[in-house]
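Q: Before I ask anything, here is the structure I am working with.
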Amino acid sequence: MIDTDMQNKKIHQGRNIKRFREMLGIKQEALAFELGDDWNQKKISLLEQKETVESDILAQVAKILKVPAEAIENFDEENAINIISNTASFDNCQQPAFFNNQPTFNPLDKMVELYERMLQQQKEMIEKLERLIEKN
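In the UniProt record's numbering, the protein residues as written are 1 to 136.
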């Protein structure tokens with residue numbers, strides 16, 4: 001029953017244009033400028049309210065947004081949210097790096113290494129200074 005509701009649901013292409021435009025941080029005025037002289041912010045707003053968009057305009061907008069026209073035609077936010085919520089979970093072992101925040105090194109060991117290097121540099125500096133004093 002749920003599957004038939006999902007299949008009958010129309011995808012709102014204008015809203016999808018708006019979503020992609022906002023994700024890319026492009027303002028309506030900038031999109032209107034890219035589409036040409038006969039476009040303005042108001043026309044973009046009206047375009048984003050249309051449920052279906054003419055294929056030639058859709059192709060132009062897709063080219064400007066640098067996304068495939070099919071992405072605008074077929075993007076369904078509910079399905080995208082379902083995919084994300086079903087794949088990103090704490091018991092999912094497919095993404096261990098995403099959830100693993102335990103360091104793989106001992107910070108104390110790194111501190112000891114740092115002090116050893118500093119001591120070595122200090123010894124080298126003292127030797128250089130002693131040689132310099134002996135020459136004078």
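We put the CB at the ideal spot given by N, CA and C, even for glycine.
Along the alpha helix (DSSP H) that carries residue 66, what are the first and last residues, could you check?
A: Working through the sequence shown from its first residue, we reach residue 66 at position 66. From DSSP, residue 66 is part of no alpha helix (DSSP H); its letter is neither H nor E.
Q: Taking residue 64 and residue 31 to be in contact with their CB atoms under 8 Å, please state how far apart those CB atoms are, rounded to whole angstroms.
A: Counting from 1 along the sequence shown, the entry for residue 64 is found at position 64. Counting from 1 along the sequence shown, the entry for residue 31 is found at position 31. Going by Cβ atoms, the distance from residue 64 to residue 31 rounds to 6 Å, so yes, they are a contact pair.
Q: Give the DSSP-derived three-state secondary structure of residue 56 in the structure shown.
A: As a working note, residue 56 is residue 56 in the sequence shown. DSSP places residue 56 in helix when its eight states are reduced to three.
Q: Specify whether the segment 35-42 and the segment 16-26 touch according to this definition: at least 3 beta carbon pairs, one from each stretch, less than 8 Å apart.
A: Counting Cβ pairs under 8 Å, fewer than three are found: no touch.
Q: Hey, would you say residue 48 sits closer than 8 Å to residue 18, going by beta carbons?
A: Looking up residue 48 in the sequence shown gives position 48. Looking up residue 18 in the sequence shown gives position 18. Yes, the pair counts as a contact, with Cβ atoms nearer than the cut-off.
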